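Remarks on the structure that follows.
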Amino acid sequence: FSSSSLNMAAAKAKGPRFDKATEKWIVTDPETQGPEAGYDLIGSLYRAGPVPFIQRIVNAEQYEQAVLKFMAAEGCDRREAQGNMDAYFENPQDWAYQRLQEQNGAAKKDYANANMDPKQIALSTVWAGV
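Here our numbering = 1-based position in the sequence shown + 2.
Here it is, written out as structure tokens:
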């Protein structure tokens, strides 16, 4: 085994787990996996637009379950999982295409930090006010 595959296995072991009794994903470490470890509603709005923002309000439990499931499956942190779920909810086809491209060797898209440079935030804020 390579050290990266061992690190991935360790990350998955420490990730959220599925509770068969409630049929829901649950956090095993609220400090690193709970909502406080990620970004807020406005973070979703800036990163991926109004669709995931609204999804988080209207279907909060479904959104949370999707994030926890992604964390468990990918062995990633909450911000990366939120970024991916926001991108998925915004445009599932484009998100799936990007994932396929990554599996075929393309660079990994950083959804957790998408559209978060100060110039992009200012531009998005101005456009939202128009």
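Ideal Cβ placement from N, Cα and C applies to all residues, glycine included. Since we're looking at a predicted model, the values are computed, not measured.
S6 to D79, Cα distance in whole Å?
Legend: pLDDT at S6 = 42, less than 50; position of this residue unreliable, value from coordinates given subsequently. If I take the Cα positions, the gap works out to 15 Å.
Which partner residues of A80 appear in the DSSP bridge assignment?
Rather than Ala, the amino acid found at residue 80 in this sequence is Arg. Answer is none; R80 lacks a bridge partner.
Ignore the nearest five residues each way along the sequence and tell me which others in K111's own chain have a CB closer than 6 Å to its CB.
Here the set comprises Q100.
By a C-beta neighbour count over all protein chains shown, 10 Å radius and 16 as the cutoff for buried, is E82 buried or exposed?
E82 is buried by the Cβ-count criterion.
Is the number of C-beta pairs between the stretch 68-79 and the stretch 43-56 that are closer than 8 Å three or more?
No contact exists between the stretch 68-79 and the stretch 43-56.
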